[in-house]
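Colleague: I'd like to ask you about the structure that follows.
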Amino acid sequence: MKWTNTKRILRSGFVSFWRNSFVSIASILVMTVTLFVVGSLVFVGALLNSTLDQLEDKVDINVYFTVEADEGNILSLKKSIEVLPEVREVEYISRDEALLRFRERHSDDQLTLQALDELEENPLGASLSIRAKETSQYEGIANFLQEQEDATPQGKTSIIEKINFFQNKIAIDRLTKIINSAERFGTLVIIFLALASVAITFNTIRLAIYTAKDEISVMKLVGASNTYIQNPFVVEGLLYGIAAGIITLVLFYPITLSLGSVTEGFFSNINIFEYYLNNFGQIFVIIMGTGILLGAVSSYLAVRRYLKIQ
Amino acid sequence: MIYFDRVSKIYNGGPAALDNISLTIEPNEFVSIVGHSGAGKTTLLKMLLAEDKPTDGAVFFESSNISELQKESLNDLRRRMGMVFQDFRLLPHKTVYENIAFAMEAAGRTDEEIEADVPYVLDLVDLGEKMWNFPHELSGGEKQRVAIARAIVNQPDIVIADEPTGNLDPLNTFEIVQILKKINDLGTTVILTTHNKGVIDSLNKRVITLDAGRVVRDDKSGKYVL
């Protein structure tokens, strides 16, 4: 009997989904918009994250050493920095490397290059470029370096010429703040948009079921149990969700395809189309899951209202 | 079979819709309830169907007090009563066949029973050919016949018809009454409310007359007197 009932409920849900095609289409369209918003949030989140990552990546501390500094000392300092838990990576730029990069950077500037050629000796010192795991951790690293410098024995000149963190401190602090508030603001907007679209979908389905209010009372009078009345509507809501989910996923293909190159040039180096393809499994689950859950729960709650009437 | 024990119903402190009504309906009876609009006919039926609870008194179906029934037994009770309404109340998105099948499904009948009984009961009301039509494709009289078929398909103990001929022309009215009579002849109790004098006078069965929520007449083989 249980199986017979399940079969009847499924069939009734499918049939009524098909026959109330106008209501079904309207509900699916509204739900598609909702799922589209949800999907867009995933993409915007990805773009924002990768842009922030890129920005953070640009932040580093450079320790410039004096020209006379011994390479062995520099490398041992590098080792001691690398063991710090906050440090992601330390890059050593030797004096020759620094000169090479300088020439490259000024390859258009003949005057500077000539001036450089006039000098007999390489005027550039070696440097260490340090990246932290989080932008907020740079201060700690800078303090560590400062201590190293202060610990230089009396009479000896420090091998460190300059630590650029203290010059860049304001910029780094500000960037840290911007990143933090961008993340917080982004999360708030996401929650707000998601809530708004969920409310709209819920209302649409409630209206669709409102039209079936009389039918529900007839079913009760014929002696149908609450679950037997309710479940076909839940099946119908589920179908709305699945249909809207498929439409949304299909729509995202041409949209991300056309936006892919734009996003790649404008934000960092993330291609939204490749992101869509690479994370399709995850996005599929998010969109379909949201659709199915939204459809089923909305229908369930909406019918329940009318079932309370005896 | 059905027993109203000093039943009163008052809506929101207004005048009594039902005022201390006591009456008994025996098995196999054909009872007509007549009265002006607002006399309490529909309220009386609502008490019987447990759509509403009496303010005072109790309604019994056999030995059970209807207003004290739990949800499950209420559904069972409703499956033992077939309902026919003035506005037909068919499910608009289901075919004639499905409308009747739904009542059987709700009662937990098997697919085999449904496949056998639905055509049978539709033949009984002479609608075998319209089995796959939707309600909006039927005339008023046909819709009402579907409603009657739905009401009797689960072989109920009672059929309750609330002004079933209110929206029908004389010919269809006559046919519907003939069907109800046939149902009664086959052993089912019928409770009918109506405004139609001709129907009552032609039936020559028990008539209960309501006025302002009270029973003013109860005649064994009555006429329409108001």
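Sequences listed follow chains A and B, in order.
Take 11 as the starting number for the first sequence in my numbering and just add one per residue.
Take 9 as the starting number for the second sequence in my numbering and just add one per residue.
Note that CB positions come from ideal geometry on N, CA and C, so glycine has one too.
Residues in the stretch 223 to 251 of chain A with C-beta within 9 Å of chain B's C-beta atoms, listed in sequence order?
Modeller: Asp224, Glu225, Ser227, Val228, Met229, Lys230, Leu231, Val232, Gly233, Ala234, Ser235, Asn236, Tyr238 and Ile239
Colleague: Can you check DSSP and say which residues form a bridge with Glu101 of chain A?
Modeller: Counted from its first residue, the first sequence places residue 101 of chain A at position 91. BP columns for Glu101 of chain A point to A:Ser139.
Colleague: Per DSSP, what are the beta-bridge partners of Arg214 of chain B in this structure?
Modeller: Working through the second sequence from its first residue, we reach residue 214 of chain B at position 206. According to DSSP, Arg214 of chain B bridges with B:Val39.
Colleague: Do you know whose CA, among A:Val47, A:Ile38, A:Leu62 and A:Val40, lies nearest Ser191 of chain A's CA?
Modeller: By one-based count along the first sequence, residue 191 of chain A stands at place 181. Taking only the C-alpha atoms, the option nearest Ser191 of chain A is A:Leu62.
Colleague: Using the three-state DSSP reduction, which class does Asn107 of chain B fall into: helix, strand or coil?
Modeller: As a first step, residue 107 of chain B is located in the second sequence; it is residue number 99 there, counting from the start. The answer is helix: DSSP assigns Asn107 of chain B an H, G or I state.
Colleague: Within a Cβ cutoff of 7 Å, which residues of the same chain sit near Ser147 of chain B, ignoring the five residues on either side of it in sequence?
Modeller: Within the second sequence, residue 147 of chain B is the residue found at index 139, counting from 1. Nothing meets the Cβ criterion.
Colleague: Considering only their Cβ atoms, is the gap separating Met55 of chain B from Ile168 of chain B smaller than 9 Å?
Modeller: Here residue 168 of chain B is taken as the residue at index 160 of the second sequence, counted from 1. Here residue 55 of chain B is taken as the residue at index 47 of the second sequence, counted from 1. No.
Colleague: Which residues in chain B sit within 7 Å of Arg216 of chain A, going by Cβ to Cβ distance?
Modeller: Here residue 216 of chain A refers to the residue found at position 206 when the first sequence is read from its first residue. In chain order: nothing, as chain B lies at least about 18 Å away.
Colleague: I need the straight-line Cα distance from Glu107 of chain A to Leu261 of chain A, nearest angstrom please.
Modeller: To locate residue 107 of chain A, count along the first sequence from 1; it is residue 97. To locate residue 261 of chain A, count along the first sequence from 1; it is residue 251. Those two C-alpha atoms are separated by around 50 Å.
Colleague: Taking DSSP as the reference, what is the three-state secondary structure of Asn147 of chain B?
Modeller: Reading the second sequence from its first residue, position 139 is the one you call residue 147 of chain B. Checking the displayed sequence, the identity of residue 147 of chain B turns out to be Ser instead of Asn. Note: Ser147 of chain B maps to coil in three-state DSSP.
Colleague: By the DSSP assignment, the beta strand (DSSP E) with Thr197 of chain B in it spans what residues?
Modeller: On the second sequence, residue 197 of chain B is found 189 positions in, with the first residue counted as 1. Unbroken beta strand (DSSP E) run through Thr197 of chain B: Thr197 to Thr201.
Colleague: For chain A, find out if any of its Cβ atoms is closer than 9 Å to the Cβ of Thr197 of chain B; answer yes or no.
Modeller: Taking the second sequence and counting its residues from 1, one reaches residue 197 of chain B at position 189. False, the Cβ-Cβ gap to chain A never drops below 9 Å.
Colleague: Would you verify that the beta carbon of Ala25 of chain B is, or is not, closer than 9 Å to some beta carbon of chain A?
Modeller: Taking the first residue of the second sequence as position 1, residue 25 of chain B is located at position 17. Not closer than 9 Å to any Cβ of chain A, the Cβ of Ala25 of chain B fails to qualify, so no.
Colleague: Quick one: is Ser22 of chain A buried, meaning 16 or more other Cβ sit within 10 Å of its Cβ, or exposed?
Modeller: By 1-based counting over the first sequence, the position of residue 22 of chain A is 12. By the 10 Å Cβ count, Ser22 of chain A comes out buried.
Colleague: Taking the alpha carbon of Glu121 of chain B as the point to measure from, which residue in B:Val223, B:Gln163 and B:Asp95 has its own alpha carbon closest?
Modeller: By 1-based counting over the second sequence, the position of residue 121 of chain B is 113. Among B:Val223, B:Gln163 and B:Asp95, the Cα nearest to that of Glu121 of chain B is on B:Gln163.
Colleague: Under 9 Å, Cβ to Cβ, is there at least one residue of chain A near Asn83 of chain B?
Modeller: As a first step, residue 83 of chain B must be located in the second sequence, where it is residue number 75. Yes - at least one Cβ of chain A is within 9 Å of the one on Asn83 of chain B.
Colleague: Would you say Arg153 of chain B lies against chain A (beta-carbon separation less than 9 Å)?
Modeller: Taking the first residue of the second sequence as position 1, residue 153 of chain B is located at position 145. Not closer than 9 Å to any Cβ of chain A, the Cβ of Arg153 of chain B fails to qualify, so no.
Colleague: Under 9 Å, Cβ to Cβ, is there at least one residue of chain A near Glu59 of chain B?
Modeller: As a first step, residue 59 of chain B must be located in the second sequence, where it is residue number 51. Output row for Glu59 of chain B: interface = yes.
Colleague: Would you report the Cα separation of Arg74 of chain B and Ala66 of chain B, rounded to the nearest angstrom?
Modeller: The residue you call residue 74 of chain B lines up with position 66 of the second sequence. The residue you call residue 66 of chain B lines up with position 58 of the second sequence. Inspection of the sequence shows that residue 74 of chain B is occupied by Ile rather than by Arg. Distance between the alpha carbons of Ile74 of chain B and Ala66 of chain B: 8 Å.
Colleague: Report the partner residues of Ala169 of chain B according to the DSSP bridge assignment.
Modeller: Here residue 169 of chain B is taken as the residue at index 161 of the second sequence, counted from 1. Answer by DSSP bridge pairing, in chain order: B:Val92 and B:Leu200.
Colleague: Closest to Val295 of chain A by C-alpha separation, out of A:Thr14, A:Gly255 and A:Ser146, would be which residue?
Modeller: What you label residue 295 of chain A is simply residue 285 of the first sequence in a count that begins at 1. Taking only the C-alpha atoms, the option nearest Val295 of chain A is A:Gly255.
Colleague: Are the stretch 198 to 216 of chain A and the stretch 226 to 242 of chain A in contact at 8 Å, needing three or more beta carbon pairs?
Modeller: no
Colleague: What is the C-beta distance between Ile191 of chain B and Ile216 of chain B, in whole angstroms, given that I count them as a contact (C-beta under 8 Å)?
Modeller: Walking along the second sequence from the start, residue 191 of chain B turns up at place 183. Walking along the second sequence from the start, residue 216 of chain B turns up at place 208. Incorrect: roughly 19 Å between the Cβ atoms, too far for contact.
Colleague: Return no unless some Cβ of chain A is closer than 9 Å to the Cβ of Asp134 of chain B.
Modeller: The residue labelled residue 134 of chain B in the question sits at position 126 within the second sequence. No - not a single Cβ of chain A is within 9 Å of the one on Asp134 of chain B.
Colleague: Does DSSP classify Val54 of chain A as helix, strand or coil?
Modeller: Taking the first residue of the first sequence as position 1, residue 54 of chain A is located at position 44. Here Val54 of chain A sits in helix by DSSP.
Colleague: Could you check whether Leu317 of chain A and Leu185 of chain A sit closer than 9 Å to each other, using their CB atoms as the reference points?
Modeller: Indexing the first sequence from 1 puts residue 185 of chain A at position 175. Indexing the first sequence from 1 puts residue 317 of chain A at position 307. Against a cut-off of 9 Å, the Cβ pair of Leu317 of chain A and Leu185 of chain A comes out as no contact.
Colleague: Determine the closest residue to Val307 of chain A out of A:Leu138, A:Ser137, A:Glu246 and A:Val48, with distance taken between C-alpha atoms.
Modeller: For this step, residue 307 of chain A is matched to residue 297 along the first sequence. Ranking the options by Cα distance to Val307 of chain A, first place goes to A:Glu246.
Colleague: Could you check the C-alpha separation between Val154 of chain B and Ser31 of chain A for me, to the nearest Å?
Modeller: Your numbering for residue 154 of chain B matches position 146 in the second sequence. Your numbering for residue 31 of chain A matches position 21 in the first sequence. If I take the Cα positions, the gap works out to 25 Å.
Colleague: If you follow the beta strand (DSSP E) that Leu99 of chain B is in, where does it begin and where does it stop?
Modeller: Position 91 of the second sequence, counting from 1, holds the residue named residue 99 of chain B. Careful: Leu99 of chain B lies outside any beta strand (DSSP E) and carries neither H nor E.
Colleague: Using the Cα positions of Leu134 of chain A and Ser86 of chain A, report the straight-line distance between them to the nearest angstrom.
Modeller: As a position in the first sequence, residue 134 of chain A is number 124, starting the count at 1. As a position in the first sequence, residue 86 of chain A is number 76, starting the count at 1. C-alpha separation (whole angstroms): 20 Å.
Colleague: Assuming the contact rule is C-beta atoms closer than 8 Å, Thr214 of chain A and Val40 of chain A should be a hit. Round their C-beta distance to whole Å, please.
Modeller: Along the first sequence, read from residue 1 onward, the residue named residue 214 of chain A stands at position 204. Along the first sequence, read from residue 1 onward, the residue named residue 40 of chain A stands at position 30. About 4 Å separates the two Cβ atoms, so the contact holds.
Colleague: Report the rounded CA-to-CA distance for Gly21 of chain B versus Phe182 of chain B, giving the unit in angstroms.
Modeller: Residue 21 of chain B sits at position 13 when you count from the first residue of the second sequence. Residue 182 of chain B sits at position 174 when you count from the first residue of the second sequence. Approximately 40 Å, taken between the alpha carbons.
Colleague: Comparing the C-beta of Met91 of chain B with each C-beta of chain A, is any distance below 9 Å?
Modeller: Position 83 of the second sequence, counting from 1, holds the residue named residue 91 of chain B. Chain A, which has a Cβ nearer than 9 Å to the Cβ of Met91 of chain B, makes this yes.
Colleague: Looking only at its chain, what residues have a beta carbon closer than 8 Å to the beta carbon of Pro100 of chain B, apart from the 5 residues adjacent to it on each side?
Modeller: For the purposes of this step, residue 100 of chain B is taken as residue 92 along the second sequence, with counting starting at 1. Closer than 8 Å at Cβ, skipping near neighbours: Phe142, Pro143 and His144.
Colleague: So, is the C-beta of Asn9 of chain A closer than 9 Å to a C-beta in chain B?
Modeller: Residue 9 of chain A lies beyond the range of chain A shown here (11 to 320); nothing can be said about it.
Colleague: Return no unless some Cβ of chain A is closer than 9 Å to the Cβ of His101 of chain B.
Modeller: If you number the second sequence from 1, residue 101 of chain B lands on position 93. For His101 of chain B, the answer is yes, since a Cβ of chain A falls inside 9 Å of its Cβ.
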